[in-house]
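Note that UniProt numbering gives residue 14 to position 14 of the sequence shown, counting from 1, and the numbers run on in steps of one.
Here's the structure, in structure tokens; my notes come after.
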Amino acid sequence: MYAKVKKSLPEMYAFTVCMWLKSSAAPGVGTPFSYAVPGQANELVLIEWGNNPMEILINDKVAKLPFVINDGQWHHICVTWTTRDGVWEAYQDGTQGGNGENLAPYHPIKPQGVLVLGQEQDTLGGGFDATQAFVGELAHFNIWDRKLTPGEVYNLATCSPKALSGNVIAWAESHIEIYGGATKWTFEACRQIN
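Right, here's the structure in full:
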């Protein structure tokens with residue numbers, strides 16, 4: 001089960017990716033999303049497999065993230081990154097929990113790839129491995145071509161009316177094609193918060 005986003009990403013020198021996740025899988029929740037381009041299946045990937053911590057991969061370079069999300073509750077997560085020095089920040093439920101640098105520095109995210117929710121790609125748009133599939137629910141997946149501020153991330157995590165939609169990928173049903181029995185449900189985390 002997976003979904004493909006019907007839009008490709010532009011070349012990006014910075015990004016923020018945010019989403020709501022709910023999972024009780026152990027060990028490892030799998031791959032919430034992967035973005036592959038010709039010649040590089042791991043251009044941009046969020047994955048947690050086995051007993052490893054969640055990781056973000058950019059051009060096959062890895063940063064370990066401080067997320068703990070497999071408690072069966074909804075969690076809002078965001079990762080920001082910029083090519084300048086490969087600086088990244090990780091947020092869970094509106095609070096920054098980790099940061100670092102030298103993650104694929106000066107490597108812009110390449111355009112014209114395939115963005116998949118719920119599976120890791122070993123080839124462009126395919127090569128799926130069931131053991132790396134995301135196990136759980138995912139909602140409000142958004143991508144921006146800039147680093148969001150801590151306040152903007154907090155607004156998203158608290159379901160504020162000021163929360164922004166992604167300017168590259170905005171969560172909209174019309175952009176998502178589902179496959180393999182994946183289902184779309186009404187998202188309830190914001191109703192539970194407010």
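Cβ coordinates follow ideal geometry from the N, Cα and C atoms, glycine included.
Here the structure is a predicted model, which is why all the values come from computation and not from measurement.
Let me confirm a value: Ala130 is counted as buried when at least 16 other C-beta atoms fall within 10 Å, else exposed. Which label applies? exposed
Going along the chain, which unbroken runs of the beta strand (DSSP E) with 3 or more residues stay wholly within the stretch 10-98? 14-22, 30-37, 40-48, 55-58, 61-64, 74-82 and 87-92
Three CB pairs or more closer than 8 Å across the stretch 10-19 and the stretch 62-72: no
Pro27: buried (16+ other C-beta within 10 angstroms of its C-beta) or exposed? exposed
Taking Trp20 and Phe134 to be in contact with their CB atoms under 8 Å, please state how far apart those CB atoms are, rounded to whole angstroms. Contact doesn't hold; Cβ gap of about 13 Å is too wide.
Just the Cα atoms here: how many angstroms apart are Ala41 and Gln121? 6 Å
Ala14 versus Gly118 - alpha carbon distance: 23 Å
Ala139 by DSSP, collapsed to three states: which one? strand
Determine which residues share a DSSP beta bridge with Trp171 and list them. Answer is none; Trp171 lacks a bridge partner.
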